Amino acid sequence: MTDQAICTQNLTRSFGSVQAVNGLSFTVDVGEVFGFLGHNGAGKTTTVRLLNGVLMPDSGESTVLGYDPVTEGTALRARTGVLTETPSLDERLTAVDNLTFYADLYGVPATQVRQRVAAVLETFGLAERGGDKVGGYSKGMKQRLALARAFLHEPELIFLDEPTSGLDPVAAQEVHEMIRHVSRDEGRTVFLCTHNLVEAQRLCDRVGVMEHGHLVAVGTPHELAHQIGAKIRYTLEIAPDQLKAAQEALTRMTAVDDVREDDDGLSISVSDREVIPTILAHLIAAQIRVYAVTPQQVSLEDIYMTLHKRAEDSR
Ligand SMILES: Nc1ncnc2c1ncn2[C@@H]1O[C@H](COP(=O)(O)OP(=O)(O)OP(=O)(O)O)[C@@H](O)[C@H]1O
Ligand SMILES: [Mg+2]
C-alpha cells in the first residue's frame, strides 16, 4: 500500500452560517501532485489551513504526515511548506533578510541558513535581486519570493495556494517545472489549489473538485471522466492497408460510439475503458494488425464544467 501524506475524515468547519468545509474525506499519497479545484469560496483555502493546523475543525479528523494538525501543529509545520494566497513579506527588508528570518523560524540549522537562502533565491530567479528591499519588487517577484520561502526548509509536503497567480507565462512555466521536479525527482508531495485547469491537467496526478464546501469528485482525470459518464477517445494505429477494413469492423461494434480517421490512424470513442480489450480481441480475430492503442487526454476543463453545472443544478 502506498503511504498517505494526507488522510481526512468528515472534516467540517463553519464560519457563522457559512459551511466552508463540509464532511471532507479524502487521501493524498506521498509523492503525488494533488490538484484542489473549486469556485471562489468553495473551501480550498480553508482546507489548507485546517490541514496545517492553523485553523481548528468543528468536527472530523485528519492525519497529515502522520501528525494530527489539531494537537501537533508545530511539529507538522516544520515538515510542510505553505504558499498562502496573500503571503506576508516584510517590505522594509531585503529578500535575503526576509528569508533568513523565516529560515530561523522554520528551524533550518544555523550553519545551513546562508546556503539554503542562496539556493532558493537562485531557484526562483531572484539571486541578483536578493539584496534589494522587497518593497521595490514587482508583484511577480514577490510571488517568487513567497514560493522561495515555502521551499526554504525542504518540506516533504508543500501546499501551494494559487502559485502562478500574478506570474508572467514564462515564470508560470518555471513554477510548473519546479513542481514537477520536486515531485518526480525529490519525491515531495504537492497539494495544489488552482483555478487554472490547464495547469492542473499538466501537473496533477489526481484532482479533487470542491463545490460549496463539499468534495464532489476525486480521482485522475480519466477516473473523473468515467464517473461523470464522459466519453473517452482512443487512437488506434492500424496497418495502413487495413484502415478501411478496421473502420468497418469498428463501426459494427456496439461498444464503439464513434469512429473517425485522424492523423495517427483511427480515433474511437467509448464510454468505458473496460471495453477496449474486447474491441482489440475482435480486431485481432479479424486479422487486423493493430500497432498501438493510445488513450487521448480527457479535458479537465470539460469535466470540471460538467461537475460544476451538476452541482449548481442540484442546489
Ligand atoms: N476567516 C473567515 N471568516 C469568515 N468566513 C470565512 C473565513 N475564511 C473563509 N470563510 C468563508 O468560507 C468560505 C470558503 O472560503 P475559502 O477561502 O476556503 O474559499 P476558496 O475555495 O479558497 O476560494 P478562492 O478560490 O476565492 O480563494 C467562503 O464563503 C468564505 O467567505
Ligand atoms: Mg482560496
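Taking our numbering, the leading residue of the sequence shown gets 949, the next gets one more, and so forth.
Just so you know, even glycine gets a beta-carbon here, dropped at the ideal spot from N, CA and C.
Since this is a predicted model, take the numbers as computed values, not measurements.
{"Check": "Any chance the CB of G989 is under 7 Å from a heavy atom of ligand 1?", "Outcome": "yes"}
{"Check": "So, at 7 Å on beta carbons, what are the nonlocal neighbours of Y1050 in its own chain, with the 5 sequence-adjacent residues on each side left out?", "Outcome": "R1097, L1100"}
{"Check": "Consult DSSP for D1250 and reduce its assignment to one of helix, strand or coil.", "Outcome": "helix"}
{"Check": "Taking only the alpha-carbon atoms, compute the straight-line gap between M949 and D1109 and give it to the nearest angstrom.", "Outcome": "Bear in mind that the predicted position of M949 carries a pLDDT of just 48, short of 50, making it too unreliable to give a figure here."}
{"Check": "Taking only runs of the alpha helix (DSSP H) that begin and end inside the stretch 1141-1181, which ones reach a length of at least 4 residues, in chain order?", "Outcome": "1145-1151, 1169-1175"}
{"Check": "Please tell me whether S1010 and T960 are closer than 8 Å, where the distance is taken between their beta carbons.", "Outcome": "no"}
{"Check": "Exposed or buried, what is F963 when buried is set at 16 or more other beta-carbons lying within 10 Å of its beta-carbon?", "Outcome": "exposed"}
{"Check": "By a C-beta neighbour count over all protein chains shown, 10 Å radius and 16 as the cutoff for buried, is E1196 buried or exposed?", "Outcome": "exposed"}
{"Check": "Which residue's Cα is closest to the Cα of G1001: T995, V1018, D1080?", "Outcome": "V1018"}
{"Check": "Quick check for students: name the residue ranges of the beta strand (DSSP E) that lie wholly in the stretch 1059-1113, counting only runs of 3 or more.", "Outcome": "1105-1109"}
{"Check": "Using the Cβ count rule (16 or more neighbours within 10 Å means buried), how would you classify R1064?", "Outcome": "buried"}
{"Check": "Return the first residue and the last residue of the beta strand (DSSP E) that P1243 is part of.", "Outcome": "1238-1243"}
{"Check": "Below 8 Å between beta carbons: does that hold for Y1182 and Q1245?", "Outcome": "no"}
{"Check": "Buried or exposed for K1257, please, with buried defined as at least 16 other CB atoms from any protein chain shown within 10 angstroms of its CB.", "Outcome": "exposed"}
{"Check": "Using the Cα positions of S965 and Q1175, report the straight-line distance between them to the nearest angstrom.", "Outcome": "31 Å"}
{"Check": "May I ask you to report which of helix, strand or coil DSSP gives Q1235?", "Outcome": "coil"}
{"Check": "Could you tell me if L1093 is buried or exposed, where buried requires 16 or more neighbouring beta carbons within 10 angstroms of its beta carbon?", "Outcome": "buried"}
{"Check": "Which partner residues of F984 appear in the DSSP bridge assignment?", "Outcome": "C1141, G1156"}
{"Check": "Under 8 Å: do the stretch 974-991 and the stretch 1138-1155 share three or more Cβ pairs, one atom per stretch?", "Outcome": "yes"}
{"Check": "For H1124, which of T1112, T1042, P1225, E1102 has the nearest alpha-carbon?", "Outcome": "T1112"}
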